[in-house]
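If you're matching positions, the sequence shown starts at 14 in the working numbering and goes up one per residue.
A quick write-up on the structure given underneath.
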Amino acid sequence: MHNTYMTTEEKIIQLNKVAQEIKDFKGLDIAKNANHAVPGEGNPDAQIMMIGEAPGQVEDSTGRPFVGQSGQMMAKVLTGVTGLKREEVFITNIVKYRPPENRDPSIEEISACKNWLNRQIAIIQPRIIVTLGRFSMAKFIPDVTISQVHGHPRFFKFSTINHELTNYEPIIFPMYHPAAALRGTTVMNIFKDDFLKLKSLLVQKTKIEDNKLHGQLDIF
Ligand code: URA
């Protein structure tokens, strides 16, 4: 169900509002200590939203998501396999500030950033949400491992608490995090193969599982 009620200009205004709130927020240590908050960037009318974990060092120093080594590799594979440029999708993270030493984000940090991410999703209403890594996947598909579900699309329904999102049912497409792909050829091959599956999903050739029951949890 696409958001046909908001014009591109309205979406840009709303997305900028969310980004400004993220930049102004000082309620977490990682927000206070960040060189730059990283709200996310890309096409407000994107069909695909890619959601990573949290900014790394290069992202913290530039304020842009996935511009370090793993992000550059991901953009190259995205374009090489699907033909989509990174500007054509929307890229963001579960957590909008860099955790020190790239440690895992805490439950408190994920929860503090949750509303901004939900608003970004509600504004853009992408047809496909690609989750990159386990923290992003856990927002939509709890109690599974990436090795079990990567490359398998499923429908998702948000909990009715998220009023703006009740009539919107995106397809979730779980993938390994690009940093994991950079650590070894096995995962790299899976990562590239999953982009091929994403491409065929874009042209509707793939079987999609129904995840509405899981979706009701929307735990993170
Ligand atoms: N890893 C992530 O999960 N997100 C980024 O933006 C960069 C690296």
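Glycine included, every Cβ here is placed at the ideal spot set by N, Cα and C.
What's the call for glycine 93, buried or exposed, on a 16-neighbour Cβ count within 10 Å? exposed
Given this structure, state the Cα-to-Cα distance separating aspartate 58 from threonine 21, to the nearest angstrom. 7 Å
Who are the Cβ neighbours of threonine 173 in its own chain at under 7 Å, not counting the five residues just before and after it? Thr179
Using the beta-carbon count (16 or more within 10 Å), is tyrosine 18 buried or exposed? exposed
To which residues of the same chain is alanine 193 closer than 6 Å at the C-beta, ignoring the five residues directly before and after it? Val200
Taking 7 Å as the cut-off, is the C-beta of valine 11 nearer than that to any heavy atom in the ligand URA? The displayed coordinates of the chain run from 14 to 233. Any statement about residue 11 would go beyond what the structure contains.
Locate the beta strand (DSSP E) running through glycine 65, then write down its first and last residues. 61-65
Grouping DSSP H, G and I as helix and E and B as strand, with all else coil, what is methionine 14? Only weak support is given to the placement of methionine 14: the predicted model assigns it a pLDDT of 46, under 50, and the value that follows is read from those uncertain coordinates. Three-state DSSP puts methionine 14 in coil, outside helix and strand.
Would you give the residue range spanned by the beta strand (DSSP E) that proline 171 belongs to? At residue 171 the sequence reads phenylalanine, which differs from the proline that was named. First-last for phenylalanine 171: undefined, no H or E at that position.
Compare the beta carbon distance of alanine 67 and isoleucine 107 with 8 Å and say whether it is the shorter of the two. yes
So threonine 105 is in the beta strand (DSSP E); what residue range does that whole segment cover? 103-106
Return yes when the Cβ of histidine 163 is within less than 8 Å of the Cβ of methionine 188, no when it is not. yes
Ends of the beta strand (DSSP E) at threonine 144? 141-145
Output needed for glutamine 82: all residues of its chain with C-beta closer than 7 Å, excluding positions within five of it in sequence on either side, in chain order. Leu195
Rounded to whole angstroms, what's the CA-CA distance from glutamine 60 to isoleucine 104? Just pull it up for me. 11 Å
Proximity to asparagine 115 [Cα-Cα], best of Ile26, Asp207, Ala47: Ala47
What would DSSP say about isoleucine 134, mapped onto helix, strand or coil? helix
Let me check you understand the geometry: is the CB of histidine 163 closer than 7 Å to at least one non-hydrogen atom of the ligand URA? no
Could you check what DSSP says for glycine 96 in three-state terms: helix, strand or coil? coil
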